[in-house]
Structures are given as structure tokens and as C-alpha cells.
Amino acid sequence: MYLFENKPENLSKMKAQYDKEGFIQIKKFFSQDDLKVIEKELAGFCKDTAPKLSGRDINYTSSGEINSIHALSQNSTFFKNLLSSKKVLDLVSHFLNDDAEPRVMEFFAKPAKVGMPSPMHQDNLYWCIADANGLTAWIALDHCDETNGGLTYYSGTHKDGIIEHMNSYAPGSSQTIKDLAMLRKIEDKRVTPVLEPGDVLIHHANLIHG
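Dropping the structure here:
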């Protein structure tokens, strides 16, 4: 993992690790003050806007709590601007070797004990980006590890292209890797980074994760 410092030598090391493993963890990308603003805006969105969403835009747990929102930036000027901010775009463009084109900002709440899992999958199965030159930047708002819904990666699998998927029937992530035996064979590549609030994970569009 790397402390966020926008220096050429740091970016070069991070890019090398990203190319090798398919993901990179950056500490303290957002400050505590940044997080307070984000959390305030998010709370307001969940209170005022989320009840108006339906279908694929929002998913609830069996107990009626918000599990995920998939239309955050489409329905909030604040989150649209955050997605398109210079700080974010400058960082991710470095890993893309190209100018980033922001797509969408989502929210994964994973409420305790009832949060729904996301099955193992590859993002570019859905996105179909040419040369798989796309990525996800995942920002932690809480301490996050394998006990509370943290992201799990299979390191290096972004180099293998798109692997066959099948229907998962999971809300918010309808596909999953078909060959689970293959995943068991590469269990040694399984990594679940530990994040603190403000840290960011960036992963390649072809990296197997869930």
C-alpha cells in the first residue's frame, strides 16, 4: 500500500504494482474533513433521494436497509462533481495511460449482519470496454476488512482476459465466475486488503473480485 502523495516516483511504483497484480491500495486519499462532507451528503441522499429510486438503481436487504445504490452520481450534483473532480481523474488517468472518462459513482453500504454479498466477477464482462482499459476506484468510508464486506481480489487474474460467467441472481451483481473449481486452485492469489476511512482501492476492469 502507498500513502497518497502525487509524486512521479510514487506514481511509477504504484503503476508497476497495478500492472502486476491488477489492483493498488492508496492510504489517506481523502482527508478526515473530506470524509465528513462526503458522509453528510450521503446521509442526505439516503434520506431524501434514495426513497425515490427503484429497480436496478437501488437494492435493499431483507430487513429493508439500503444495501447498494447504483445511481448516486446520476441523481446528485455533489457526487457527480466528486466523480469528475480533478483529484480523482488525475489519479486514475495515470493507471489508464489515458484521460479518464468518468462513468458512474455507486454506494455499497453492506449493513452489519444483513449486507448482501457480491459474487466473484469481472467488471468488464458488463462494461465491454475496448482493451479492458477501465478501472474501479473504491473508497472506504469505514474500517474495512474480510469481516465486514471488504473487497476480495484474485491477484494477477486481470491478465487472463474475460473468464466464463453464469447467472448469479444476486441483486446488483447478476453474474459470477462459472468455474468455482478454478478459483479454488488459485486460492493462494486471494487477497482482502484492510482499509481505513479515506483509503482507496483501484482495480483493473478484468480483475476477478467480489
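This note's numbering applies: residue 32 is where the sequence shown begins, and numbers increase by one. Using N, Cα and C, we set each Cβ at its ideal position, and we do this for glycine too.
Does DSSP put residue i in a helix, in a strand, or in coil?
i    : result
M45  : helix
N155 : helix
H125 : helix
State the start and end residues of the unbroken alpha helix (DSSP H) segment that holds residue i.
i    : result
A74  : 63 to 79
F60  : Careful: F60 lies outside any alpha helix (DSSP H) and carries neither H nor E.
K144 : Where K144 is concerned, there is no enclosing alpha helix (DSSP H), given that its DSSP letter is neither H nor E.
N112 : 108 to 114
Use the C-beta contact count for residue i: other C-beta atoms within 10 angstroms, 16 or more gives buried, fewer gives exposed.
i    : result
Q63  : exposed
H240 : buried
H174 : exposed
A149 : A small fix is needed here, since residue 149 is Ser in this sequence, not Ala. S149 comes out buried.
T188 : buried
V231 : buried
I97  : buried
T108 : exposed
V119 : buried
I193 : exposed
T178 : exposed
A171 : buried
M151 : buried
Y200 : exposed
G165 : buried
Kindly indicate the opening and closing residues of the beta strand (DSSP E) around residue i.
i    : result
L232 : 231 to 235
List the residues that DSSP assigns as beta-bridge partners of residue i.
i   : result
S99 : N90, F139
Q56 : L232
- prompt: Which runs of the beta strand (DSSP E), 3 residues or longer, sit entirely within the stretch 165 to 226?
  reply: 166 to 170, 196 to 201, 204 to 208
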